[in-house]
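Protein chains in written order, with the working numbering: chain A, 1 to 121; chain B, 1001 to 1110.
Cβ coordinates follow ideal geometry from the N, Cα and C atoms, glycine included.
Single-structure report; data block below.
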C-alpha cells in the first residue's frame, strides 16, 4: 500500500524558513510525479508545487514562487519542500501527494496525513 | 477564491439522494477529467471519483460522478450518516498547467 508520511511542520515567525519532508513507501517512488497541496484552516485546497520523477521539471503556484523550493531524493524515497520568507497566509496543513504517473497532469491519487505549518509572531 | 465553483453546503436526510455541482471553464473541466475527493473531519482528502465517473476500489457504488461541458456533479444515493464530510472537485487546468480545486462542499446529514 502507498504510504506518505510528512514531517517538519511547526510554528515559525514571519520571514522564517522551514523544510518539510515526505517519506514515501509502498511504490516505486522514482517513476512518479509528486506534489504538495496545502489547506489553510477551514479553507479549500491549493496546489502549491509539483516535481517530475527526475527532479528536472517543477511547478510553483504564483503565491509561493521564489520563496518555496521543491526537491526529491529518489535514493531515499523522500520528497521535500523548503519554505522561506514565510508569511502568515502560508499557514496551512501541507499534504504530500502522489501523482498517478510521471507527468504532473496525472491525477492526485494518494495523500499523506499532512503537516501543519503555522506562521505567527 | 477557488478556480472551480462549488456550493458551500448541501444537506439531506438518511436515505435521500444529494447532488453536488462543480463548475469550471474550457481550460479545465471542459477539456480534462474531473476528480472528486472526500475529506472526513480531521483527515486528509481521499480520492472518491476519478476520470469523471470511476470509483476506486472500496468506494461504495452509492457515489457516482458525471460531467457535461464545463460542469460536473457528484451524486450520493442512499445518504448515510458516515457520508457527512467535505467534498472537493478537482481538474487539471491546461492554461495554468496546475491542478485546480473547488472551494469544497460541506455535506450534512440531517
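- Taking a beta-carbon distance threshold of 8 angstroms, residue 1002 of chain B counts as an interface residue toward chain A.
- For the pair residue 1023 of chain B and residue 1045 of chain B, the Cα-to-Cα distance works out to about 20 angstroms.
- Within the same chain, and ignoring the five residues on either side of residue 1094 of chain B in sequence, the residues whose Cβ sits closer than 8 angstroms to its Cβ are 1027, 1028, 1031, 1032.
- The contact set of residue 1088 of chain B on chain A, defined by CB atoms closer than 8 angstroms, consists of 44, 45 in chain order.
- The Cβ neighbour count for residue 3 of chain A, taken over all protein chains shown within 10 Å, is under 16; the residue is labelled exposed.
- Between the alpha carbons of residue 53 of chain A and residue 1038 of chain B lies a gap of roughly 27 angstroms.
- Here DSSP, grouped into helix, strand and coil, assigns residue 31 of chain A to helix.
- Within the model, the alpha-carbon separation for residue 51 of chain A versus residue 32 of chain A is close to 9 angstroms.
- 8 angstroms or more divides the Cβ of residue 1065 of chain B from the Cβ of residue 44 of chain A.
- Around residue 1021 of chain B, the same chain offers 1006, 1007, 1071, 1073 as residues with beta carbons nearer than 7 angstroms, after the five sequence neighbours per side are excluded.
- Assignment of residue 1081 of chain B by DSSP, reduced to helix, strand and coil, places it in the helix class.
- Residues of the region 1084–1108 of chain B whose Cβ lies closer than 8 angstroms to any Cβ of chain A, in chain order: 1088, 1090, 1092, 1097, 1098, 1099, 1100, 1101, 1102, 1103, 1104.
- Considering only B:1075, B:1041, B:1042, B:1084, the residue with the shortest C-alpha distance to residue 1052 of chain B is B:1075.
- Fully enclosed beta strand (DSSP E) runs of no fewer than 3 residues occupy 1009–1012, 1018–1023, 1034–1039, 1046–1049 of the region 1005–1049 of chain B, in order along the chain.
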